[in-house]
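Trainee: Following the numbering used here, the numbering of the sequence shown begins with 507 at its first residue and continues without gaps. Structure below; questions to follow.
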Amino acid sequence: MEIQFAVAKVSKYATSESGDTLEMVERPLGGLSIVLVDGQRSGRSAKKISNIVARKAIQLLAEGVRDVFDLGGHLGQAYYGFRRYVDYPPGLRWRVHDVPRVMEAGRRWAAGHDDLGALRFADDAAEADGCDLLVSTGALQYLDYSLPELLGRMARPPGRVIVNLVPMHPERAYFTLQNLGIAICPYRVMCLPAFVDEMAALGYELRDRWELPERHIRVPFERWASIDAYHGMYFARPPA
Numbered sequence: 507m508e509i510q511f512a513v514a515k516v517s518k519y520a521t522s523e524s525g526d527t528l529e530m531v532e533r534p535l536g537g538l539s540i541v542l543v544d545g546q547r548s549g550r551s552a553k554k555i556s557n558i559v560a561r562k563a564i565q566l567l568a569e570g571v572r573d574v575f576d577l578g579g580h581l582g583q584a585y586y587g588f589r590r591y592v593d594y595p596p597g598l599r600w601r602v603h604d605v606p607r608v609m610e611a612g613r614r615w616a617a618g619h620d621d622l623g624a625l626r627f628a629d630d631a632a633e634a635d636g637c638d639l640l641v642s643t644g645a646l647q648y649l650d651y652s653l654p655e656l657l658g659r660m661a662r663p664p665g666r667v668i669v670n671l672v673p674m675h676p677e678r679a680y681f682t683l684q685n686l687g688i689a690i691c692p693y694r695v696m697c698l699p700a701f702v703d704e705m706a707a708l709g710y711e712l713r714d715r716w717e718l719p720e721r722h723i724r725v726p727f728e729r730w731a732s733i734d735a736y737h738g739m740y741f742a743r744p745p746a
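The structure is reproduced here in C-alpha cells:
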C-alpha cells in the first residue's frame with residue numbers, strides 16, 4: 507500500500523515567514539498522524555512556538571503518553587484544540603483541574619462535545635500523582651502553591667512536565683496584582699533559576715525551554731520587577 511501526501515504553502519502579504527508548522531509521525535502501534543500547528547501569528551516568534559508545540563505533540567505519540575493531567579486547563583481548551591491537529595491514541599485519559607465553577611461548566615460542555623469520552627475533571631490537583639504528563643498553560647501564576655511544592659507531595663510524580671505562558675523574573679520571586687478589567691487578583695512571579703533548581707531537586711531535567719516576547723510585565727514604580735517575556739519549559743525525569 508502506498509500513501510502520498512502533499513502540502514502547498516501559500517505566500518502571505520507583508521511577511522516572509524509563516525508561523526505554522528506541519529509534521530508527519532508514525533504511531534507506535536501503527537498508522538500515521540499529520541500534525542498541523544497554527545502559530546496564531548506570523549513571523550519567527552510564532553514559528554518558533556508552533557515548532558515547539560509540534561514537537562511536543564509528536565513526543566506524546568511516540569513516547570506512548572496516555573494519561574495527561576492539565577493543571578488549570580479551564581473547560582479543556584487544550585484537549586479540544588489539540589485534537590484538531592493530532593489523532594488521539596486509543597486509551598487516552600485527559601484530566602483537567604481548575605476551580606469548581608469552571609469544572610462544573612466543563613463537565614456540562616463535555617457532555618455535548620467530547621465525542622471521544624476521554625476528558626475528565628479532577629477535583630484535587632493531587633490526582634496528578636501517577637500521570638504520564640502534567641501540562642499547565644498560563645495557570646501557575648494564579649495558584650496558592652508552586653508547581654515544585656505540588657510535585658514534591660506526590661508518591662509517583664509525572665514523568666514529563668510542560669509549562670507554558672509563565673511569568674518568571676531572572677533574579678527574584680515576588681507577588682503583584684493583575685488588573686483583569688472585571689477583577690484584580692494576586693499574581694505570582696517566579697524566579698527562573700530557582701524554579702529550575704527546585705525541579706532539578708525533584709529529579710527533573712530541563713529538556714527544552716522557550717520565550718514568548720509577546721507577553722511582558724510592567725509594575726508601576728518598580729522598574730526592577732519588569733519582565734520582557736514569558737517562559738515555557740519541558741522537563742522529564744530519567745527512567746529509574
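Beta carbons are placed, not taken as given, at the ideal position from N, Cα and C, and that holds for glycine.
Starting from residue 611, follow the alpha helix (DSSP H) in both directions and report where the run begins and ends.
Mentor: Here the alpha helix (DSSP H) through residue 611 covers 606-619.
Trainee: Check the C-beta distance from residue 640 over to residue 712 and give it rounded, since I have them as a contact under 8 angstroms.
Mentor: Between residue 712 and residue 640 the Cβ distance is about 15 angstroms, and since that is not below 8 angstroms, they are no contact.
Trainee: In or out: residue 740 buried (at least 16 other Cβ within 10 Å) or exposed?
Mentor: The residue in question, residue 740, is buried, as its Cβ has 16 or more Cβ neighbours within 10 Å.
Trainee: Measuring only the C-alpha atoms, how far is residue 629 from residue 605?
Mentor: Going from the Cα of residue 629 to the Cα of residue 605 covers about 8 angstroms.
Trainee: Is it buried or exposed for residue 627, if we count other Cβ within 10 angstroms and need 16 for buried?
Mentor: Buried.
Trainee: On the premise that residue 664 lies in contact with residue 706, defined as a C-beta separation below 8 angstroms, what is that separation, rounded to the nearest angstrom?
Mentor: Wrong, their Cβ atoms sit about 16 angstroms apart, outside the cutoff.
Trainee: What do you get for residue 591, buried or exposed, if any count of 16 or more other CB atoms within 10 angstroms of its CB means buried?
Mentor: The residue is buried, with at least 16 neighbouring Cβ atoms inside 10 Å.
Trainee: Can the beta-carbon of residue 692 be found less than 9 angstroms from the beta-carbon of residue 698?
Mentor: Cβ atoms of residue 692 and residue 698: not closer than 9 angstroms.
Trainee: Are the CB atoms of residue 652 and residue 575 nearer to each other than 9 angstroms?
Mentor: In this structure, residue 575 does not lie closer than 9 angstroms to residue 652 by Cβ.
Trainee: Can residue 654 and residue 709 be called in contact, C-beta distance under 9 angstroms?
Mentor: Going by C-beta atoms, residue 654 is not nearer than 9 angstroms to residue 709.
Trainee: For a test of the three-state rule: what should DSSP assign to residue 703, helix, strand or coil?
Mentor: Here residue 703 sits in helix by DSSP.
Trainee: By Cβ distance below 6 angstroms, which residues in the same chain neighbour residue 674 in space, the five residues on each side in sequence not counted?
Mentor: Correct list, in chain order: 696, 698 and 737.
Trainee: By how many angstroms is the C-alpha of residue 595 removed from the C-alpha of residue 607?
Mentor: Distance between the alpha carbons of residue 607 and residue 595: 29 angstroms.
Trainee: DSSP on residue 598, reduced to helix/strand/coil?
Mentor: Reduced to three states, the DSSP call for residue 598 is coil.
Trainee: For residue 583, count neighbouring Cβ atoms within 10 angstroms of its own Cβ and tell me buried if that reaches 16, exposed if not.
Mentor: Looking at its Cβ environment, which holds fewer than 16 other Cβ atoms inside 10 Å, residue 583 is exposed.
Trainee: So the candidates are 645, 637, 677 and 569; which of them puts its Cα closest to the Cα of residue 661?
Mentor: Of the candidates 645, 637, 677 and 569, the one whose C-alpha sits nearest the C-alpha of residue 661 is 637.
Trainee: For residue 738, write down the residues that DSSP places opposite it in a beta bridge.
Mentor: Per DSSP, 716.
Trainee: Considering only residues of the same chain and omitting the five flanking positions on each side of residue 678, which have a CB-CB separation below 7 angstroms?
Mentor: Only 697 meet the Cβ criterion.
Trainee: What is the DSSP secondary structure of residue 510, reduced to helix, strand or coil?
Mentor: It is coil, neither helix nor strand.
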